[in-house]
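Residue numbering for the sequence shown is 1 to 1140, as defined by the UniProt record's numbering.
All residues carry an ideal CB built from backbone N, CA and C; glycine is no exception.
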Amino acid sequence: MGRKPLAVETEEVNVNLVLSASQQRPAADEFADMFDDVDWDKEMLAFDNEAKAVHKDEKYVPRSKRYVRCRAEEVVESVGALSRPQKASPRAWLAVCEPTLTLADAGDIVNLVGDFDLSAQDTPLKLTRSDGLLILHPDILVSSTKVADSSHCTRKAVLQEIIRTIGGSTPSLLYGNMLHSLMQACMLEGRWDDEFRQSKIDDIVKEHGGQLWTIDVGFEKAKEDLLNRSKEFEAFAERFVGDKPKVDAFLSDPRAVDTARSRLAINSPLDVEDDIWSPRFGLKGKIDVSTRANVVDSVGFSRRGTAPFEIKTGRTNAGMEHRAQTMLYTLLMSDRFDEDVDSGLLYYTQSNEVFRVQAARNEIRGLILARNRFATFLHRRMTLTPAGWVPQTQPTQASQPPSGLRAGECKAEADDEGEDEALWGDVDVPVSSQVEGAELALLPPPIDDERSCKRCYVGDACMLYRKAVEGDEAICDDETDPLQLIYAEKTDHNTPAHAEFFKHWERLISLEEQELVRFKKEIWTLQAEERERLGRCFANMSISEVKAEEQSAKTSVHRFVYRLRSRNPNGPSLLGGSISTNDPIVVSLETPSILAISRGFVLSLSPVDVVVGVDRSLTGCPQTKDVAFNELVFRVDKDELAAGMGRIRDNLVQLFPPDADERRRSLVVDLATPRFRPIEEVKHADLPSHLNDDQRQAVARVLTAQDYALILGMPGTGKTTTTAEIIKALAQAGKSILLTSYTHSAVDNILLKVKDAGLSILRLGNRDKVLPSLHPHTLTAEDYARSLADIDNKLLRPQIVATTCLGINEPIFVKRRFDVCIVDEASQVTLPTCLGPLRFADSFVLVGDHNQLPPLVRNDVARKGGLDVSLFKRLSDAHPAAVVNLTHQYRMNSDIMSLSNALIYSGKLNVGDDRVGGRKLDVRKDLAESCVEPWVREVLDPDRSVIFVDTDSLPARERRNGSIIDNPSEAVLVAKTVSALAASGVDEQAIGVISLYRQQIKLLSQHLFSHPDVEILTADRSQGRDKDCIVLSLVRSNTSGNAGDLLKDWRRVNVCLTRAKSKLVIFGSRSTVSHVHFMADLVRLVEEKGWVYALPAGAADVAETVKLEIDAEEEKPVIRRGGGALALKSPLASDILNSL
1 MGRKPLAVET EEVNVNLVLS ASQQRPAADE FADMFDDVDW DKEMLAFDNE AKAVHKDEKY
61 VPRSKRYVRC RAEEVVESVG ALSRPQKASP RAWLAVCEPT LTLADAGDIV NLVGDFDLSA
121 QDTPLKLTRS DGLLILHPDI LVSSTKVADS SHCTRKAVLQ EIIRTIGGST PSLLYGNMLH
181 SLMQACMLEG RWDDEFRQSK IDDIVKEHGG QLWTIDVGFE KAKEDLLNRS KEFEAFAERF
241 VGDKPKVDAF LSDPRAVDTA RSRLAINSPL DVEDDIWSPR FGLKGKIDVS TRANVVDSVG
301 FSRRGTAPFE IKTGRTNAGM EHRAQTMLYT LLMSDRFDED VDSGLLYYTQ SNEVFRVQAA
361 RNEIRGLILA RNRFATFLHR RMTLTPAGWV PQTQPTQASQ PPSGLRAGEC KAEADDEGED
421 EALWGDVDVP VSSQVEGAEL ALLPPPIDDE RSCKRCYVGD ACMLYRKAVE GDEAICDDET
481 DPLQLIYAEK TDHNTPAHAE FFKHWERLIS LEEQELVRFK KEIWTLQAEE RERLGRCFAN
541 MSISEVKAEE QSAKTSVHRF VYRLRSRNPN GPSLLGGSIS TNDPIVVSLE TPSILAISRG
601 FVLSLSPVDV VVGVDRSLTG CPQTKDVAFN ELVFRVDKDE LAAGMGRIRD NLVQLFPPDA
661 DERRRSLVVD LATPRFRPIE EVKHADLPSH LNDDQRQAVA RVLTAQDYAL ILGMPGTGKT
721 TTTAEIIKAL AQAGKSILLT SYTHSAVDNI LLKVKDAGLS ILRLGNRDKV LPSLHPHTLT
781 AEDYARSLAD IDNKLLRPQI VATTCLGINE PIFVKRRFDV CIVDEASQVT LPTCLGPLRF
841 ADSFVLVGDH NQLPPLVRND VARKGGLDVS LFKRLSDAHP AAVVNLTHQY RMNSDIMSLS
901 NALIYSGKLN VGDDRVGGRK LDVRKDLAES CVEPWVREVL DPDRSVIFVD TDSLPARERR
961 NGSIIDNPSE AVLVAKTVSA LAASGVDEQA IGVISLYRQQ IKLLSQHLFS HPDVEILTAD
1021 RSQGRDKDCI VLSLVRSNTS GNAGDLLKDW RRVNVCLTRA KSKLVIFGSR STVSHVHFMA
1081 DLVRLVEEKG WVYALPAGAA DVAETVKLEI DAEEEKPVIR RGGGALALKS PLASDILNSL
């Protein structure tokens, strides 16, 4: 009887790793002829044998789950006979008979893929060149393309992974993408004729019009080129497409004679651009075309199955990188389609050849080793500490560098003959430090090859990291050495201060990046029900409605819209977790089991269902074609947008290349003094007469700024109006303006004030995020689909171009530069994010208030390191003379203004209009006095412009579920107050409810379901908004005096206190919140002014509360009107969300 098959468990198994030296490390030249004797038709990777059931009654385990997840307890090296490790606790121990297969340290997570029996604790599990695979850090899903690209230089591939450069396309890349799209369309439609291809080419050229514009290629030329380059597609179909291989459908194989070549028939395409995650192998990838194919070998053996079909538009070489990518895709597809995928297809459009790429054991082993190396460096970034990355244990002999190499050194190939060896040799192997506790490198070592380094497109970033992060002063002592000349050219202009600045901010970005990926692994390591209990998943969901796809087909993110409902009618409310409207999500199939079939965003949320907009069909998977619609079971997991951090990191990198703006670098890094022309150059008549003195001074300062100007707008002082007048003044002076902001709404609010001024405006971005009244100023696909001259008119002529700070990846920025860049809400934008748009202008204006919302940062270490210090704050502290303060406010009455004036602004804030200072809430007293409960009448009293409603006398304690906190009794009090206000004649649209706690927002939305026009806002979303009456729920109330971290953020509380025009009602526990210094000052202030009202016992009688759980059959989901309704903000990832 064979070994017992693996019963896959999600729990981590403790395993000892013994690195055995009983087999000598192979010499380098052993790999030189690796491929010469490979039988490409018989050397197959049979992973389907790794977990076959021995007993017929055993539960079937899908291939994607046939692995054992382990934690390494100890890593030692054994010479000679194998011996059990000293630690007594492990459940199993693994003998790695080939040390190059693992780079693991104690504490690392590994996956064991193979036929291992964990029950035999006295016998070592053996990992050899021929048996089993070890996947290091499997929760880091490494791009298959990056693994393939790392064969020559791992450092280059890692830099590509962590830096997402924004820039123009190249003809070869663009034509390659268009040919990909054309080939995919032909395969999906099964049509290859000239008429069909011409029609598709017309559509494809229109879709890529903006990119063609950036490389100055006309539409007709592009169409002609595509038609010529695809002329062999029909011949390809006649030869290779069908049910059975045709007599001439030979697969190309340079190692075989014609009589030994296999033949191919592509039966049908299954999908295109299939995005697959494989936690088993720690890989991810996007397949060009997933196909069903039939291959018949030279002796007549026929194999039908699934295979990846990769399209290559360059020269035909079937090189290592292409073959490696295709081989790794076989692993991904074996997981996705749950079948043995032993080979892939590699198609070259130029020669019309198809290569069959066998997933041979030796090659897969080498690629997994390359993947492990790659993952090691990404893992170090994800476990970065304030001091850097330090090994968890002291080095062992197993960690010493290979013979003949210094620590950290790598072998560089002398010529192309070493390409294959590099993939599975010992190059780039990260080695532990020789000094205990020393920091290890976060990037692989450079290869220092002159030809490669000179033409490398990440060369600027590579050299920058080498100088700033790794501390290299020079590559060598010979100043005439070609590599040293390259290094000097790219780094000599950066001073030690520049290097330290980059190192500091790059580390802060890496620390914050950890927060975006820390929970992602739960999607595959935790059962759906378990993650649902943590609030980060909706489990056991089914489709209740498929919405019209046409309404969202214009966006890649929301191509498909579904309403999903829990299959458990008695299940928990969907509002009880941390998933909220606008959050990114990933949808997986539980039955049948398919991980991450689609990604998108939450469009709306109710207690019983969720509406999601996703990029791929939830019902179009080939695996579901025989499954009844109502039997499909889904899980919806909260996703993370870690990839967006690469764009933010690129903003930082772009400050330091040799061709970057030296003056901008000096202003930002060296804090050089900004220059201004004499104020006398501005004519008084040019300044708008309807502005106050502060606002006119701000306009004048901008008009004279040669470098930058800063405008600090206190609450209600008219920042938006002032910014609009600045734009008009700059436009009148003939300047071109790039307007950006943290949010789409802030950009639109400014444009609304200038759109009727006769100025030419271009609003970039997704039309779904833009106000309908501004749609005439946006671009559609048709605007890119006419001609280059027409695109010129659309992109180059408008004087004002507006987008979000991360919306700078549009084609326009390849060709256009602006006179001035204006960043609104600049105090809310992280410094690296803010740097992005600034590089496209000669000077800039930052508008904000660092006493209000700071940049959102989740990582405590990053925040303490200064990631929440905006560029606005940095520059205003360094050069106060460059700041113009707007101090006259037109929002709050005098009582409401007095709170922030005393607590924040040291009395600098003034009422701009006496009528504003004396305003009161218009409440009909006759209706107010009819309120049943006396305490409600007291709260509604219009003479009480500010009232702190103390809940200490009530049983109004907070409710906690893990990290989720709300306060049901306080929600009842708020609901009663809002209902009374509405009943007393206050317009619902004039009422706003604010809380700093997301869960309280959800709770309040249900209590106020009968008041759909009342906006319920987080502190972040309330920024820039105001209401006649604001009701603030502080939530925290407990006997321990724990007021939490949110109330410690005085800037966020300041925003909440300054949104009301006529009345501010604050509900909270005076005793609890007073444990925070700022809140204690607030409580003392309202006590001194007599603005505290202690609620009587019983005010929040639970019997009178609004029912929270709404019967879905009786109540429809609430549709709230108003721009900020339930629009909840995420931390730094919101920088990324806002750009979509």
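Is the beta carbon of residue i less than 7 Å from the beta carbon of residue j?
i: P279; j: W524; result: yes
i: L511; j: N177; result: no
i: E310; j: T326; result: yes
i: T887; j: N910; result: yes
i: V872; j: F840; result: According to the sequence displayed, residue 872 carries Phe and not Val. No, the pair does not count as a contact, with Cβ atoms beyond the cut-off.
i: Q799; j: S736; result: yes
i: K490; j: V469; result: no
i: L710; j: A882; result: yes
i: L136; j: N372; result: yes
i: E590; j: V633; result: yes
i: A746; j: D659; result: no
i: C70; j: L134; result: no
i: I750; j: A724; result: yes
i: A104; j: V68; result: no
Which value, in whole angstroms, describes the spacing of the CA atoms of residue i and residue j?
i: K286; j: L442; result: 27 Å
i: L264; j: Y348; result: 15 Å
i: M382; j: E273; result: 28 Å
i: G459; j: S542; result: 49 Å
i: A370; j: H180; result: 27 Å
i: D428; j: F377; result: The predicted model places D428 with a pLDDT of 37, which falls under 50 and marks its position as unreliable; any figure quoted below should be read in that light. Cα to Cα, the separation comes out at about 11 Å.
i: E207; j: Y784; result: 7 Å
i: V614; j: S598; result: 6 Å
Which one or two residues does DSSP pair with residue i in a beta bridge?
i: A265; result: N294
i: P942; result: None; P942 has no bridge partner.
i: H888; result: N910
Secondary structure at residue i, three-state DSSP: helix, strand or coil?
i: K520; result: coil
i: V341; result: coil
i: D966; result: strand
i: L127; result: strand
i: W213; result: helix
i: N570; result: coil
i: N111; result: strand
i: D275; result: strand
i: R71; result: strand
i: N910; result: strand
i: M541; result: strand
i: S1071; result: helix
i: R637; result: The question names Arg, but residue 637 in the sequence shown is Asp. Correct three-state label for D637: strand.
i: L1082; result: helix
i: Q695; result: helix
i: Q706; result: coil
i: N630; result: helix
query: Touch check for the segment 740 to 755 and the segment 763 to 778: three-plus C-beta pairs under 8 Å?
result: These segments touch.
message: Using 8 Å as the cut-off, can you tell me whether the segment 648 to 655 makes contact with the segment 502 to 510, which would need three or more C-beta pairs spanning the two stretches below that distance?
response: Output reads yes: the segment 502 to 510 touches the segment 648 to 655.
- prompt: When the Cβ atoms of the segment 1012 to 1021 are set against those of the segment 984 to 996, are three or more pairs found closer than 8 Å?
  reply: Cβ pair count under 8 Å is three or more, so yes.
field: the segment 890 to 907 / the segment 710 to 729 touching (three or more Cβ pairs under 8 Å)
entry: Contact between the segment 890 to 907 and the segment 710 to 729 is present, with at least three C-beta pairs closer than 8 Å.
- prompt: Using 8 Å as the Cβ pair cut-off and three pairs as the minimum, do the segment 969 to 976 and the segment 1081 to 1089 touch?
  reply: Short answer: they don't touch.
query: Would the segment 515 to 523 and the segment 555 to 570 be scored as touching if the rule is three or more Cβ pairs under 8 Å?
result: With fewer than three CB-CB distances shorter than 8 Å, the segment 515 to 523 does not count as touching the segment 555 to 570.
- prompt: Is the number of C-beta pairs between the segment 200 to 220 and the segment 159 to 172 that are closer than 8 Å three or more?
  reply: Yes, the segment 200 to 220 touches the segment 159 to 172.
message: Three or more C-beta pairs under 8 Å: does that hold for the segment 663 to 671 against the segment 684 to 696?
response: As far as the Cβ criterion goes, the segment 663 to 671 does not touch the segment 684 to 696, which means the pair count is below three.
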